[in-house]
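See structure below.
Residue numbers (the numbering used here): 895 to 1692.
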């Protein structure tokens, strides 16, 4: 300990136990790390940002919270951060930051966490579960921590070269986010140890394809995997991957056609149906079973997911290759199991985690209740439809509408409500309306055109139907998903856009179909989860006319997948009822008993659901909206139904349980803006609340007291006039009184924010009294002026 003290004194001079956290870093921690051999430029990251900061939605606005940052992040190799250090000022103990450091380490999948106040380090070793205090001059070297990591993870010498293969990175490229790094490293470690089936579960929008690219590039660059196949069941998945994330592979890439496999390439892309050839020639068998070393199975919950699927034969033929499954929605049913095939996920990153981190867009839900959906509709005796056909006399319910019977007035009401919402927000927000089938999508397109005739007149592509049977509509798909393209704005579809479409700017998702499949629900929601802040997309809205969003409350919405599959080799294959295909299509080729591709993009002969059963069509039905319920995601990640006022009140009381507690905190804080920012971190957006309450004249203090504690508010003008009536200004003389009166006037019109800023003295009406330094002299100098401002604030809130 004497050596530690000597080191401490040499690097700090006289010990000062009132030094700030930043001084502790500068004088103690950084020198200790460099002395231990950590390179300041390549191995030490200070203020390392972990998350982007969760986005809290309130009304029509969204505010981003502060990102999580680690004081120090230490990396021995570029791929592997090994340690996180949380620094504290010397008024705290050595161990004061250890739990925060451990939280960061768990999140980052890092084995070592440290806390320090500059006198020593406290180490928590996740590999052994032990903690110990380390003298300041005995911090472990990079090589020492790496050796401990290898020992804890049982990494052998022959595995190390693969594990240390660097990421692909060029100047200006994005670097993997923390969860992508974990997914990549865990996959590489598993393969290095000989695991040949790997499953990654990552929410839509978290960058599965980019993660796959980094895995492939590291394995390919190391020479461990030389022939690689990216396998999918939809052209858009293959083309997006080849054109975007996998672009650095350049000329070594090749997309397999329906005729042959050119063996001259190294990274291949293919659809299952192309590997079978146009006539079922099984062209994948023209190469040897050991031709591919690695196969990426994109959206592995579809396609070859079923054991008896025809497409599974592709994976079985190349069984010697390493197979990596990618999905946001692993499929676990009595008949199909991703986990049984691939094994437990080596890493899972959920939608909830992505939203909490601020990497994915949060959502608000508007549930619309239509009277005939709730009460049902029954025709009059002998009533006929628009074609004169009799309507079966029974009670039609929500599941029947647009599936078994068409009520045009209901379609028109839905189109009207969608349009009203867009008019109240932004009529050029990209919108997807998910319909029951192609005919429903066509009717909805017409209804939306009629509701938006003014904009359709300006550009006929404002509303477009994009379904598999419509070549003109499909031709607009690229324009819809391209952020810089203005049109189309609203698209109607049934299945085509439910998965595989990367529409970053989609801000409204409308559910106008019954959804019983959790997989389909997640895939539909996934169309909106991507953030695009440069296009002012911070959140998206789900308008639900069918009650599908009740699935948010089901345990398996964001839970870990559970295996319930049991092989039944002797069970006969049961043909599904074709009339059921439009009730809950999952977009899953494994639901098709012929095992043929159902995506109309890739197989126009297989259109989207289009009922061949006659549907009565009725007009003249009185249809109204009975209720609308708005739900928001809170800071806890839960969807709650409440008004903005109730939401804000709950969060204010969560910070300050009583009025006395709030007032005490308000009066003790010299910068009132700090309290406003603190509340904002907990989802309280006062400006939005002020708009909703329609009380622009209220001070933040009064707004909070009124909303949270039911106190009658005073306006800023009333508070300012009360100060004057009490004769407070008479304690000052001449110019000082005029300055204080000017500050009071400014508060009355603009509020308390920035009232204590010296820069105010540089603008009117204050600069007529001289420079800021001159004005401060009327109060006895800078400190006297700031004290006067503090006293004025106290008087305002007396």
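Backbone N, C-alpha and C fix where the C-beta goes; we use that ideal spot for every residue, glycine too.
*Own chain partners of residue 1556 with C-beta closer than 6 Å, once the 5 adjacent residues on each side are dropped*: 1550
*Beta-carbon proximity check, residue 1452 vs residue 1246, cutoff 7 Å*: yes
*Determine the burial state of residue 1359: buried for a count of at least 16 other Cβ atoms within 10 Å of its Cβ, exposed for fewer.*
buried
*How close, in whole Å, do the beta carbons of residue 984 and residue 1012 come, if the pair is a contact with beta carbons under 8 Å?*
6 Å
_List, from N- to C-terminal side, the alpha helix (DSSP H) runs of 4 residues or more that fit wholly inside the stretch 1176-1251._
1206-1211, 1232-1236, 1245-1251
_Burial state of residue 1447 (16 or more Cβ within 10 Å)_ = exposed
_Extract the residue ranges of the alpha helix (DSSP H) inside the stretch 1066-1123, only unbroken runs of 4 or more that lie entirely within it._
For the stretch 1066-1123, whole alpha helix (DSSP H) runs of length 4 or above, ordered along the chain, are 1072-1086, 1102-1115.
*asked:* Taking only three categories from DSSP, how would you classify residue 1323?
replied: coil
*Which of the three DSSP states, helix, strand or coil, is assigned to residue 970?*
strand
*Residues in its own chain within less than 8 Å of residue 1275 by CB, not counting five upstream and five downstream?*
1287
*Is there contact between the stretch 1060-1070 and the stretch 1024-1035, where contact requires at least three CB pairs shorter than 8 Å?*
no
*Taking the CB atoms as reference points, tell me whether residue 1132 and residue 1170 lie closer together than 7 Å.*
no
*In or out: residue 1600 buried (at least 16 other Cβ within 10 Å) or exposed?*
buried
*Euclidean distance between Cα positions of residue 1198 and residue 926*: 54 Å
*First and last residue of the uninterrupted beta strand (DSSP E) at residue 1029*: 1024-1029
*asked:* Does residue 1507 pass the burial test, meaning 16 or more other C-beta atoms within 10 Å, or should it be called exposed?
replied: Exposed, by the Cβ-count rule.
*Determine the direct distance from the alpha carbon of residue 1411 to that of residue 1204, and round the result to whole angstroms.*
23 Å
*DSSP puts residue 1400 in a beta bridge; with which residues?*
1324
*asked:* With H, G and I counted as helix, E and B as strand and the rest as coil, what does DSSP make of residue 980?
replied: strand
*Rounded to whole angstroms, what's the CA-CA distance from residue 1213 to residue 1140? Just pull it up for me.*
24 Å
*Which stretch, first to last residue, makes up the alpha helix (DSSP H) that contains residue 1415?*
Boundaries of the alpha helix (DSSP H) harbouring residue 1415: 1412-1419, taken from the DSSP string.
_Check whether residue 981 and residue 965 have beta carbons under 7 Å apart_ = Yes, the Cβ-Cβ distance between residue 981 and residue 965 is below 7 Å.
*asked:* Within a Cβ cutoff of 6 Å, which residues of the same chain sit near residue 1374, ignoring the five residues on either side of it in sequence?
replied: If we look at residue 1374 and ignore the five residues flanking it on each side, its Cβ neighbours are 1382, 1385.
*Considering only C-alpha positions, which residue in the set 1307, 1219, 1560 is nearest to residue 1593?*
1560
_Using 8 Å for Cβ pairs, my map puts residue 1092 next to residue 1084. What's the rounded Cβ distance?_
5 Å
*Between the C-alpha atoms of residue 1001 and residue 1244, what's the straight-line distance to the nearest angstrom?*
13 Å
*Which of helix, strand or coil DSSP assigns to residue 1514*: coil
*Answer yes or no: do residue 1072 and residue 944 have a C-beta to C-beta separation smaller than 7 Å?*
Between residue 1072 and residue 944, the gap from beta carbon to beta carbon is short of 7 Å.
*From residue 1154 to residue 1177, what does the alpha carbon distance come to, in whole angstroms?*
6 Å
*residue 1521 burial status per 10 Å Cβ neighbour count (16 or more: buried)*: exposed
_Of the listed residues 1596, 1672, 1616, nearest to residue 1632 (C-alpha basis)_ = 1672
*Under a Cβ-count criterion, where at least 16 other Cβ atoms within 10 Å of its own Cβ denotes burial, should residue 1525 be classed as buried or exposed?*
buried
*Under a three-way DSSP split, which group does residue 975 fall into?*
strand
*Assuming residue 1220 and residue 1094 make a contact with CB atoms under 8 Å, what is their CB distance in whole Å?*
5 Å
*Report all residues from its chain with a CB closer than 7 Å to the CB of residue 928; omit the five preceding and five following residues, and keep chain order.*
Exclusion of the five residues before and after residue 928 leaves 934 as the residues of its chain whose Cβ lies within less than 7 Å of its Cβ.
*What number of angstroms, rounded off, separates the C-alpha of residue 924 from the C-alpha of residue 1435?*
46 Å
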